[in-house]
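Report on the structure given below.
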Amino acid sequence: MTSAELADLYRSYIACLNQQDWTMLGQFVHDDVSHNAKPLGLSGYRAMLEQDFRQIPDLQFDIELLVCEPPRIAARLKFDCRPVGLFLGLAVNGKRVSFCENVIYEIRDGKIYQVWSIIDKAAIEAQL
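The working numbering puts the last residue of the sequence shown at 205; the count rises by one with no breaks.
As structure tokens, this is what we get:
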């Protein structure tokens, strides 16, 4: 895939997440996907995302920065949301917080195969 094709794929993937269109997730995510070196498979990855939306009902993924260099994508995602209860071990309890996530993806067979992700927990802590 070219850089432009990767960017299109990623923007479509983010739209899928924001719409919570779980039936379409397999168009973007490989059956054997791993997250932070933990094999999840497509069903485990979907379960992880569904849990994210339960924890953060107003969750929306906003692409702040996108770099595509085949076969990888790097993105900085921005969030402005109200997690309920505990989030990342922090008692957010519905308070509005803003934070970023830095993510690197490896694409295989035209789909997301590996995901390495880190959330800026310190930014959330500073707001609490």
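A virtual CB, placed ideally from N, CA and C, is assigned to each residue, including glycine.
- For glutamine 96, the closest of Gln128, Asn113, Gly187, Gln137 by C-alpha to C-alpha distance is Gln137.
- With a contact defined as Cβ atoms closer than 8 Å, glutamate 178 and isoleucine 195 qualify at about 7 Å.
- The three-state secondary structure of lysine 198, taken from DSSP, is helix.
- The Cβ neighbour count for leucine 142, taken over all protein chains shown within 10 Å, is under 16; the residue is labelled exposed.
- For aspartate 85 and leucine 119, the gap between their C-alpha atoms comes out near 21 Å.
- Pairing glutamine 128 with valine 174 gives a Cβ-Cβ distance that is not under 7 Å.
- Considered as a whole, the segment 103-158 harbours 106-112, 139-146, 149-158 as its complete beta strand (DSSP E) runs of no fewer than 3 residues, in chain order.
- Taking 8 Å as the upper bound for CB-CB distance, isoleucine 184 and isoleucine 150 are in contact here, some 7 Å apart.
- Close CB contacts of leucine 167 within its chain, under the 7 Å cut and outside five residues either way in sequence, are with Ile201, Glu202, Leu205 (chain order).
- Contact between valine 106 and tyrosine 87 does not hold, since the beta-carbon distance rounds to 12 Å and is not under 8 Å.
- Residue state for leucine 163 is assigned as strand, using DSSP reduced to three classes.
- If the five residues before and after phenylalanine 130 are omitted, its C-beta is found closer than 8 Å to the C-beta atoms of Gln97, Leu136, all from its own chain and listed in chain order.
- Excluding sequence positions up to five before and after glutamate 146, its CB lies within less than 7 Å of the CB of Ser80, all in the same chain and listed in chain order.
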